[in-house]
Amino acid sequence: MNMKWHIKEFNELDLEELYNIIKERTNVFVVEQDCPYPECDDKDKKAYHLYLTNNNEIISYLRILSPGVSYKNTSIGRVLVKKEYRKRGIAKELMKRAIKFIENDLREDSITISAQQYLIKFYTDIGFKVVSEGYLEDGIPHVKMIYKK
8 MNMKWHIKEF NELDLEELYN IIKERTNVFV VEQDCPYPEC DDKDKKAYHL YLTNNNEIIS
68 YLRILSPGVS YKNTSIGRVL VKKEYRKRGI AKELMKRAIK FIENDLREDS ITISAQQYLI
128 KFYTDIGFKV VSEGYLEDGI PHVKMIYKK
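Encoded structure:
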């Protein structure tokens, strides 16, 4: 395995990286979750893209959005781990790297996410707290969660 972490702004992504990111996000959020929604939402242009590759294949991914793009504070979204790499601790490592980047590089101390309800324990274990009632987002039960340093 030749695994490598990357964090890039939109304009730093090359065409191959961008294509692979969109392909994996579509595979997970549209196909696997059977949820048609607009995957390309223009927020990518304002995001930091954190991802893990194995020989140029996207293994795991998330995007970090600046305050004011989705929520009043920094947010994390589109969190995924490719199906065949799940249950290996990669998602937790991905989130820890995102939080560290947000705190150290962006100098932000709170993060908002819209989490799928079945992942509440996962995010709570990392330090997020539920701050809303459940709601449907693209037909899937979610809750708003916040992390504070």
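Numbering-wise, this note's numbering puts 66 at position 59 of the sequence shown, and it's gapless, one number per residue. Each residue gets a CB set at the ideal place from its N, CA and C atoms; glycine is no exception. Quick caveat: nothing in here was measured; it's all calculated off a predicted structure.
Excluding five sequence positions before and after Leu57, the CB atoms of its chain that fall closer than 8 Å to its own CB belong to Trp12, His13, Ile14, Tyr68, Leu69, Arg70, Ile71, Leu101, Arg104, Ala105 and Phe108, given in chain order.
Listed in chain order, the non-local C-beta contacts of Lys52 below 6 Å within the same chain comprise Phe17, local neighbours out to five positions each way being set aside.
Apart from sequence neighbours up to five positions away, the residues of its chain that approach Ser117 with a beta-carbon distance below 8 Å are Asn80, Thr81, Ile153, Tyr154, Lys155 and Lys156, ordered along the chain.
Close CB contacts of Gln124 within its chain, under the 7 Å cut and outside five residues either way in sequence, are with Gly141, Pro148, His149 and Val150 (chain order). Sorting Ser77, Glu31 and Asn9 by C-alpha distance to the C-alpha of Asp49 places Ser77 at the top.
Residue range Ile127 to Ile133 is occupied by the alpha helix (DSSP H) that includes Thr131. Here Arg95 is exposed, its C-beta having fewer than 16 other C-beta atoms within 10 Å.
Note that the C-beta distance between Met10 and Asn61 is below 8 Å. A residue is called buried once 16 or more other Cβ atoms fall within 10 Å of its Cβ, and Leu22, having fewer, is exposed.
If you check the CB distance, Ile97 and Leu126 do not come in under 8 Å.
Rounded to the nearest whole angstrom, the CA to CA distance from Pro45 to Asn111 is 32 Å.
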